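In our numbering, the protein residues as written are 2 to 375.
Even glycine gets a Cβ: it sits at the ideal position worked out from N, Cα and C.
Model, not experiment: these values are computed from the prediction.
See the structure below:
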């Protein structure tokens with residue numbers, strides 16, 4: 002048995018990644034120890050992990066808090082006699098790599114989207130890049146969740162190229178076969194409505210403000226349109242205000258945080274992801290699997306997943322007029338059917354959760370053999 006410790010601070014997409022990976026990893030070969038921040042719902046993982054430990058880790062930087070987290074993670078690494086530590090997301094990547102100093106286990110790091118690729122000031126970008134460069138020697142391999150993420154690491158000189166390994170995210174096809182029976186009627190959506198939806202946090206990255214601006218233009222062209230935003234976030238109050246100012250409150254549903262986004266996706270006629278930056282965009286293959294025509298921004302890793310005019314339509318970042326025009330194109334032509342058919346063709350092979358688990362197992366095995374040869 003190999004003993005692997007997964008360390009994660011950020012919930013959301015990382016939480017879904019962990020759940021999917023641990024569901025399909027071979028439990029007869031791996032003891033999976035989970036070290037999670039206080040923000041996680043540990044009930045989800047009780048049947049997937051050998052042991053779950055909670056360590057306080059915060060998104061906000063605080064020197065004393067970071068020292069405490071390093072100390073507590075270090076105690077757990079010593080306690081479990083590990084073969085591999087697999088660290089998820091940037092914040093955990095800092096504290097856990099430092100905590101792992103001096104131990105003989107191997108270390109995998111997955112940023113789940115480089116922090117230096119965010120739309121931030123030049124000074125912050127330099128700081129985040131420097132941190133990644135300084136800490137890269139403290140891990141054996143770095144997993145990149147898309148080709149774009151690997152190219153970014155090479156461009157910024159984060160580490161040696163041979164340390165980088167691309168393993169695309171995977172989605173759980175079993176989840177997509179399970180339906181709760183949620184309907185438009187349950188949600189208060191008119192049955193005759195043309196539904197344009199988006200799944201993602203209501204924060205700057207996911208550009209909910211651009212979605213609402215596009216909605217205003219779409220509504221002018223297609224009066225029976227109804228809009229659904231699945232998620233919550235720190236910009237929700239501003240987004241609600243914007244919707245009200247545009248007179249769209251009767252045509253909008255913001256669900257808040259949900260555990261079953263797939264049930265809402267099934268109610269869409271068109272699915273959007275208008276992110277300003279994106280390390281992968283896990284919801285895109287989920288849109289494909291559910292048979293939804295996709296409109297997304299041509300930023301970062303999204304073109305690794307969506308080919309314009311083939312399995313989706315791509316628009317420039319913040320171009321809400323182009324997004325509205327793309328919706329009108331799908332509404333008035335047969336292109337949506339083509340996008341759906343092409344999307345479904347490749348999704349099973351490219352984004353299979355079992356493929357994700359097998360590729361991760363292969364990397365762990367490679368590290369395990371290397372450790373035994375020392």
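Next on the checklist: To the nearest angstrom, how far is the alpha carbon of residue 128 from that of residue 222?
Outcome noted: Numbered from its first residue, the chain shown carries residue 128 at position 127. Numbered from its first residue, the chain shown carries residue 222 at position 221. About 45 Å.
Next on the checklist: Tell me which residues share the same chain as residue 1 and place their Cβ nearer than 7 Å to its Cβ, disregarding the 5 neighbours each side in the sequence.
Outcome noted: An answer regarding residue 1 cannot be provided, because it is not within the stretch 2 to 375 covered by the chain.
Checklist entry - Which residues share a DSSP beta bridge with residue 309? => result For this step, residue 309 is matched to residue 308 along the chain shown. BP columns for residue 309 point to 313.
Item to check | residue 98 burial status per 10 Å Cβ neighbour count (16 or more: buried) | outcome: As a first step, residue 98 is located in the chain shown; it is residue number 97 there, counting from the start. Buried, by the Cβ-count rule.
Next on the checklist: I'd like to check one pair, residue 271 with residue 197: are the Cβ atoms closer than 7 Å?
Outcome noted: Within the chain shown, the letter at position 196 stands for residue 197. Within the chain shown, the letter at position 270 stands for residue 271. Taking 7 Å as the Cβ cut-off, residue 197 and residue 271 qualify as a contacting pair.
Next on the checklist: Quick check on this structure: which residue in 338, 134, 248, 283 has the alpha carbon closest to the alpha carbon of residue 173?
Outcome noted: Start at 1 with the first residue of the chain shown, and residue 173 comes out as number 172. The shortest C-alpha separation from residue 173 is found at 283.
Item to check | Any 3 or more C-beta pairs closer than 8 Å across the region 169 to 183 and the region 346 to 361 | outcome: Segments in contact, yes.
Item to check | residue 89 burial status per 10 Å Cβ neighbour count (16 or more: buried) | outcome: To locate residue 89, count along the chain shown from 1; it is residue 88. Residue 89 comes out buried.
Next on the checklist: Please classify residue 294 as buried or exposed, where buried requires at least 16 neighbouring CB atoms within 10 angstroms.
Outcome noted: Taking the chain shown and counting its residues from 1, one reaches residue 294 at position 293. Residue 294 should be labelled buried.
Next on the checklist: Pairs of beta-carbons, one from the region 74 to 94 and one from the region 242 to 252, closer than 8 Å: are there three or more?
Outcome noted: no
Item to check | Any 3 or more C-beta pairs closer than 8 Å across the region 101 to 121 and the region 37 to 44 | outcome: no
Checklist entry - Would you say the region 214 to 232 touches the region 321 to 336, given that touching needs at least three Cβ pairs under 8 Å? => result yes
Next on the checklist: Measuring straight from C-alpha to C-alpha, what distance separates residue 300 and residue 34?
Outcome noted: In the chain shown, the residue the question calls residue 300 occupies position 299. In the chain shown, the residue the question calls residue 34 occupies position 33. Computed Cα separation, rounded: 35 Å.
Next on the checklist: For the ligand SAH, I want to know if residue 260 counts as a neighbour, meaning its beta carbon is within less than 6 Å of at least one of the ligand's heavy atoms.
Outcome noted: For the structure depicted, the ligand SAH is absent and the ligand set is empty, with no information on it obtainable.
Checklist entry - Would you call the CB atoms of residue 146 and residue 280 closer than 7 Å? => result Reading the chain shown from its first residue, position 145 is the one you call residue 146. Reading the chain shown from its first residue, position 279 is the one you call residue 280. Result yes, Cβ atoms of residue 146 and residue 280 sit closer than 7 Å.
Checklist entry - Would residue 206 pass as a contact of residue 161 if the rule is Cβ separation under 7 Å? => result The residue labelled residue 206 in the question sits at position 205 within the chain shown. The residue labelled residue 161 in the question sits at position 160 within the chain shown. Their beta carbons are not under 7 Å apart, which means residue 206 does not touch residue 161 by this criterion.
Next on the checklist: On the DSSP letters alone, give me the boundaries of the alpha helix (DSSP H) that residue 298 sits inside.
Outcome noted: What you label residue 298 is simply residue 297 of the chain shown in a count that begins at 1. Looking at the DSSP string, residue 298 is not in any alpha helix (DSSP H); the run it does join, the beta strand (DSSP E), is 295 to 298.
Item to check | Own chain, CB closer than 7 Å to residue 153, minus 5 neighbours either side, in chain order | outcome: For this step, residue 153 is matched to residue 152 along the chain shown. Only 115, 118 meet the Cβ criterion.
Next on the checklist: Whether or not the region 258 to 268 and the region 180 to 188 are in contact is what I'm after, with contact meaning three or more pairs of Cβ atoms, one per stretch, closer than 8 Å; do they touch?
Outcome noted: Taking 8 Å as the limit for Cβ pairs, the verdict is that the region 258 to 268 does touch the region 180 to 188.
Checklist entry - Is the distance from the Cβ of residue 142 to the Cβ of residue 156 below 7 Å? => result Taking the first residue of the chain shown as position 1, residue 142 is located at position 141. Taking the first residue of the chain shown as position 1, residue 156 is located at position 155. Not closer than 7 Å, so no.
Next on the checklist: I'd like the list of long-range same chain contacts for residue 286, defined as Cβ closer than 6 Å, with 5 residues on each side in sequence excluded.
Outcome noted: Position 285 of the chain shown, counted from the start, is the residue given in the question as residue 286. The answer, listed in chain order, is 172, 348, 352.
Next on the checklist: What does the alpha-carbon distance come out to for the pair residue 110 and residue 132?
Outcome noted: Indexing the chain shown from 1 puts residue 110 at position 109. Indexing the chain shown from 1 puts residue 132 at position 131. Using only the alpha carbons, I get a separation of about 13 Å.
Next on the checklist: Can you tell me whether residue 232 is buried or exposed? The criterion is at least 16 other CB atoms within 10 Å of its CB, across all chains shown.
Outcome noted: Taking the first residue of the chain shown as 1, we reach residue 232 at position 231. With 16 or more other Cβ atoms within 10 Å, it is buried.
Item to check | Rounded straight-line distance, which links the Cα of residue 254 to that of residue 74 | outcome: Sequence index remark: in the chain shown, residue 74 carries index 73 (1-based). Sequence index remark: in the chain shown, residue 254 carries index 253 (1-based). Taking the straight line from one Cα to the other gives about 41 Å.
Item to check | Residues near residue 2 by beta carbon distance below 6 Å, same chain, minus five either side | outcome: Position 1 of the chain shown, counted from the first residue, corresponds to residue 2. So the qualifying residues of the chain are 32.
Next on the checklist: According to DSSP, residue 4 sits in a beta bridge with which residue or residues?
Outcome noted: Residue numbering aside, residue 4 sits at position 3 when the chain shown is read from its first letter. Residue pairing by DSSP places residue 4 opposite 32 in a beta bridge.
Item to check | Closest Cα partner of residue 20 within the set 337, 273, 257, 45 | outcome: Looking up residue 20 in the chain shown gives position 19. That would be 45, whose Cα lies nearest to the Cα of residue 20.
Checklist entry - For residue 58, does the count of other Cβ atoms within 10 angstroms reach 16, so buried, or fall short, so exposed? => result On the chain shown, position 57 is the one that residue 58 refers to. Per the 10 Å Cβ criterion, buried.
Item to check | Whole runs of the alpha helix (DSSP H) within the region 153 to 182, excluding any shorter than 4 residues | outcome: Counting only runs of 4 or more, we get 174 to 178.
Item to check | Residues bridged to residue 195 (per DSSP) | outcome: Here residue 195 refers to the residue found at position 194 when the chain shown is read from its first residue. Answer by DSSP bridge pairing, in chain order: 226.
Item to check | Alpha carbon of residue 135 to alpha carbon of residue 346, nearest angstrom | outcome: Along the chain shown, one-based indexing puts residue 135 at 134. Along the chain shown, one-based indexing puts residue 346 at 345. Their backbone Cα atoms lie some 42 Å apart in a straight line.
Item to check | Where residue 146 falls: helix, strand or coil (DSSP) | outcome: One-based indexing of the chain shown puts residue 146 at position 145. DSSP places residue 146 in coil when its eight states are reduced to three.
Checklist entry - Considering only the beta carbon of each residue, do residue 273 and residue 199 sit closer than 7 Å? => result The residue given as residue 273 occupies position 272 in the chain shown. The residue given as residue 199 occupies position 198 in the chain shown. Yes.
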